[in-house]
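Numbering-wise (full-length UniProt numbering), the sequence shown opens with residue 1 and increments by one. Data first, discussion second: the structure below is written as structure tokens.
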Amino acid sequence: MARIYTKPEDKKPKIDKSLVLDFFEKRASKVNDLGPTRAVIYQDKDADLAERRDIAEKTLLLPLLEIDESSRILDAGCGTGRWAEAIIPKCGVYVGVDVSPGLIKVATERFGTSLNAKFEVCPVDLLTRERIGIDQAFTHILSFGVFIYLNDDEIIEALHAYASLTESGSKIMFREPIAVENRLTLIEHFSNDMEQTYNAIYRTEEELITLITSALGESFFQQKKGDVYPDGTLNNRTETKQKWYLWESL
1 MARIYTKPED KKPKIDKSLV LDFFEKRASK VNDLGPTRAV IYQDKDADLA ERRDIAEKTL
61 LLPLLEIDES SRILDAGCGT GRWAEAIIPK CGVYVGVDVS PGLIKVATER FGTSLNAKFE
121 VCPVDLLTRE RIGIDQAFTH ILSFGVFIYL NDDEIIEALH AYASLTESGS KIMFREPIAV
181 ENRLTLIEHF SNDMEQTYNA IYRTEEELIT LITSALGESF FQQKKGDVYP DGTLNNRTET
241 KQKWYLWESL
């Protein structure tokens, strides 16, 4: 079990993808007890905070996406379908992907009968049109809380995959927990809130933006950014905070 802080010049420890997948499979197994929202917001012992966070996030970000019935949405790292619930009724096409078969099973059980929606098991760094069975480009890609579970090289691959699935004018929205000071890597860290071991990488805002710009290049520009929880009571962490970034394809 380790909490590792690194500066830009330091060697960056990696997390084990198999342990990350195991974590999500265990989260899926808890959905019946916790519900589909708390299971992916990780407030196992505070149902009220989980619901308030969910409402605050959607209230802020959904209008910024400007989704309508012509929109084709890729929800990368869709989990239990927390955002699918808000988006499917508004869009033309919704595709949810996740690395976890267990979470995809939950999402499919909840929304699989929707005629404009489908769910696929697929790591975001291995996304292709063929793998998820789509022909048209997406108008919107949501990447919410995904990159903290990827190593730097995997983020670059995921960003290249996202770009290959877009067209001119497409929007990519990122929502990520950001390290307030130094990069923080958790390796087999035991969470008392979840009673599970946890592996994740919290990057500084500068590190995250550097990765995004290096992968997307000059084909995209950052349109807007901001804090997810202006209300400090919703951000019950001292070392990290939730930020959102909206990018658009030229």
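Note that CB positions come from ideal geometry on N, CA and C, so glycine has one too.
query                                                                       : result
First and last residue of the uninterrupted alpha helix (DSSP H) at G79     : Taken as a continuous stretch (DSSP letters only), G79 belongs to no alpha helix (DSSP H), as it is neither H nor E.
Identity of the residues DSSP links to H189 by a beta bridge                : Y198
Beta-bridge pairing of I178 - partner residues as DSSP gives them           : K241
Best match in T166, E207 and I73 for proximity to F147 [C-alpha to C-alpha] : E207
Alpha-carbon spacing of residue 256 relative to K11, whole angstroms        : For residue 256 there is no data in the structure shown, the boundaries of the chain being 1 and 250.
Distance CB(F221)-CB(R175) smaller than 7 angstroms                         : no
C-beta contact flag for F190 and S100 at 7 angstroms                        : no
For D98, three-class secondary structure by DSSP                            : strand
Euclidean distance between Cα positions of L142 and A158                    : 12 angstroms
Beta carbon proximity, K45 to chain B, threshold 7 angstroms                : Here chain B cannot be found, since the structure has a single protein chain.
Bridge partners - Y5, DSSP secondary structure assignment                   : L184
Those residues which DSSP pairs with Y143 across a bridge                   : The sequence given here has Ser at residue 143, not Tyr. A76 and F174, per the DSSP bridge assignment.
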